[in-house]
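This report concerns only the one structure given below.
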Amino acid sequence: MRELGPLGTLRAWALEPSGATTQVLSASPLRTGARVPDMTAHLELNIDWHRSFGERNPLLFGYFLEHFHRQIYGGIFQPTSSAGSSGLRLDVIEAIRRLQPAVVRWPGGCFASSYHWRDGIGPQRLPSFDKAWRAEEPNTFGTDEFVAFCRAVGAEPYICTNGGTGTPEEMSDWVEYCNLSGKSRNARLRVDNGNAQPFGVRLWSIGNENYGDWEIGARDAAEWARYVRESAKMMRRVDDRVVLSAPACGDIDWDVGLLRCAGEQLDLLAVHGYAAHGGASYEQMVARAGYPEQKIARAEQMLELVGLTGRVRIAFDEWNPRHWHHPGHAGRGRPNLDEWARNDDNSTYTMADAVLHACFLNSALRHCQSVAITNFSPLVNTRGPIYAYDGGVVLRPTYHVCELYASRTLPEVLDANVIVEHFKAGTEQGGVAEVPRGDAAVTIDRAAGRLAIALTNLHPDGPLECEVWAPGRRFAATGGVVTLTAPEVDDFNDVDHPTSVSPIRAELASTGERFTVTLPPRSVSVVEIGAEPW
Ligand code: AHR
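Residue numbering for the sequence shown follows the working numbering, starting at 28 and increasing by one per position.
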């Protein structure tokens, strides 16, 4: 963590109730494409401690790993390197641990839709051809290695089954392999492979994006709904403690059909979202700030329509601020495996990614009653927060956001009223979006009398003066503000400049009913402060 540097725009001070000021909202929207330095805007955050959104879900800060390019091989797993006996890369594992990953979804993604788990167990592993990405899969990293990885990083495993070329029986055999203790042919295989104790994998996804024509074994809505119901039934016959999800896409026929037919068997509706394209600019990225909330709201509507609100929750189990460069998996033309290497270009990932990711996490926090799981996609390499290369790792700007939220937000999410002006940002499609200058999520630990307030300034150039107010309460203790920003809007971290974008910390003293903190442009912060017992 570096000290407040030349940016110097992070100021924090407290106002006694008597000294409270009325902040006048400036109403000067940014012209699209215009850069207006030093245009301070104001955000008013009114916290009402009676209005709670509920508990922050423990599985909220999760990740995704797919057998795609260098995520597994050359990412987390490299048996020939300085890795431990497990073949896991210790430098990568160490960086992942610091993120406190609650859950990791694996093995895909599209990869899962033609993956047969038996290819990845036992002493004899033969390579197979991965038809999703049209690359050779060595199969040296399989179920046992994945569970060992999860244990090494402290995450709960979340396995995505083959809903493309697989069968309900193959899925339920996989549950047997992982969760039964004996008297099962598949569980005995696990024991023979050196794992006498069941893995106890609780979280399972039935298929991946089976609604899309790009997916191997894509199906129509009615076919898919019956298939999910039968798969879930068989998996539960093996282990009735499993927690099951199935993919939804926001289409009313697909989602409602699935939920009506198989909803009784499901615990989670799986949603994916990639907000902007690979080369989108800062402005185009923040123009998508409302996208995560829209995706969540759409899934909530589907659950509401079939009366499953509260019973079935949402697994936002693939999310990234950007789409990935693919080798051409739609099956048209020749695969171009050079294409996916473009995802590894560290200069792509700037404060735009960090700010949009913070907006995503804020949305997930605010919808904690419906969102049970989120998975940043992927965890390592391509578009992930960690870039692993032969000489070590680079922590991209999104890494710092992930770490900030996982380590500092608190167990309960409070409702809060945010008043902030909007600015105009040009979209990728050539339109103009109205973007809020700031975004917030408020978390609390009532027993400890602590608040952690996540605040994002989305504007590329203008500071944001945030006035935080809790009517009838006093902020009673000192605190601090940890902020991620960068001197330039397109700054990034890479092998030669690993800390260009890194967090800074400032002290905050407040004894009043309100305090003000000024956030630098394009920044993500968490304010930690004590309060009277809540
Ligand atoms: O590009 C990765 C792919 O994105 C995942 O495999 C799929 O689930 C999503 O469409």
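Just so you know, even glycine gets a beta-carbon here, dropped at the ideal spot from N, CA and C.
Fair warning: this is a prediction, and the values are worked out from it, not measured in the lab.
Any non-hydrogen atom of ligand 2 closer than 8 Å to residue i Cβ
i: Ser404; result: With respect to small molecules bound, the structure shown includes ligand 1 and not ligand 2.
Where residue i falls: helix, strand or coil (DSSP)
i: Asn213; result: helix
i: Tyr318; result: helix
i: Tyr142; result: coil
i: Leu335; result: coil
i: Ile323; result: helix
i: Phe168; result: coil
i: Val283; result: helix
i: Ser208; result: coil
i: His304; result: coil
i: Pro463; result: strand
i: Val447; result: strand
i: Leu271; result: strand
i: Thr188; result: coil
i: Ala452; result: strand
i: Asp278; result: coil
i: Glu555; result: strand
i: Gly81; result: strand
i: His352; result: coil
i: Arg340; result: strand
i: Asp294; result: coil
i: Ala162; result: strand
i: Leu437; result: coil
i: Leu153; result: coil
i: Arg549; result: coil
i: Thr194; result: coil
i: Ala223; result: coil
i: Thr425; result: helix
Within 9 Å, strictly: CB atoms of residue i and residue j
i: Val516; j: Tyr309; result: yes
i: Glu236; j: Cys288; result: no
i: Glu430; j: Leu126; result: yes
i: Asp521; j: Tyr414; result: yes
i: Phe91; j: Asp344; result: yes
i: Ala162; j: Ser113; result: no
i: Glu93; j: Gly136; result: yes
i: Thr470; j: Leu491; result: no
i: Val228; j: Val180; result: no
i: Asn220; j: Gly284; result: no
i: Thr170; j: Thr545; result: no
i: Asn347; j: Gly355; result: no
i: Leu482; j: Ala558; result: no
i: His69; j: Val445; result: no
i: Leu271; j: Met261; result: no
Same chain, Cβ closer than 7 Å to residue i, neighbours up to 5 away in sequence not counted
i: Val313; result: Ala379, Val382, Leu383, Ala452, Val462, Leu485
i: Phe138; result: Glu93, His94, Phe95, Asp157, Ala159, Trp160
i: Gly507; result: Arg532, Ala533, Glu534, Leu535, Glu555
i: Arg325; result: Gly277
Neighbourhood of residue i by C-beta distance below 6 Å, restricted to the same chain and skipping five residues each side
i: Phe168; result: Ile99, Phe104
i: Arg349; result: Ala303, Gly305, Arg410
i: Thr510; result: Leu37, Ile531, Ser550, Ser552
i: Trp281; result: Tyr238, Ala248
i: Asp266; result: Val202, Asn206
i: Ser374; result: Phe519
i: Tyr185; result: Val130, Arg132, Leu230
i: His353; result: none
i: Lys322; result: Val298, Gly300
i: His427; result: Leu511, Pro530
i: Ala252; result: Gly284, Leu285, Cys288, Ala289
Own chain partners of residue i with C-beta closer than 8 Å, once the 5 adjacent residues on each side are dropped
i: Ile279; result: Met329, Leu332
i: Cys395; result: Phe80, Gly81, Glu82, Arg83, Asn84, Leu87, Val440
i: Trp496; result: Glu71, Leu72, Asn73, Ile74, Glu540, Arg541
i: Pro106; result: Gly114, Thr167
Within-9 Å CB hit, residue i to chain D
i: Asp466; result: Protein chain content of the structure displayed is limited to a single chain, and chain D is not contained in it.
Checklist entry - Taking only runs of the alpha helix (DSSP H) that begin and end inside the segment 362–423, which ones reach a length of at least 4 residues, in chain order? => result 378–393
Item to check | Ranges of the alpha helix (DSSP H) found wholly within the segment 225–267, counting only runs of at least 4 | outcome: 248–265
Item to check | Cβ pair count under 8 Å reaching 3, the segment 379–389 against the segment 254–269 | outcome: no
Checklist entry - In chain order, which beta strand (DSSP E) runs of at least 3 residues are fully inside the segment 470–539? => result 477–484, 491–496, 506–511, 530–535
Checklist entry - Is there contact here, the segment 413–428 with the segment 519–526, by at least three beta-carbon pairs under 8 Å? => result yes
Item to check | the segment 399–407 / the segment 128–145 touching (three or more Cβ pairs under 8 Å) | outcome: yes
Checklist entry - How do the segment 72–81 and the segment 440–451 stand: do at least 3 beta-carbon pairs fall below 8 Å, yes or no? => result Contact holds between the segment 72–81 and the segment 440–451, because three or more Cβ pairs, one in each stretch, are under 8 Å apart.
Checklist entry - Is the segment 238–252 touching the segment 181–191 in the sense that three or more CB pairs, one from each, lie closer than 8 Å? => result Between the segment 181–191 and the segment 238–252 there are three or more C-beta pairs closer than 8 Å, enough to call the two in contact.
Next on the checklist: Tell me whether the segment 292–299 and the segment 366–376 touch, counting them as touching only if at least three CB pairs, one residue from each stretch, are closer than 8 Å.
Outcome noted: no
Checklist entry - In chain order, which alpha helix (DSSP H) runs of at least 4 residues are fully inside the segment 89–125? => result 117–125
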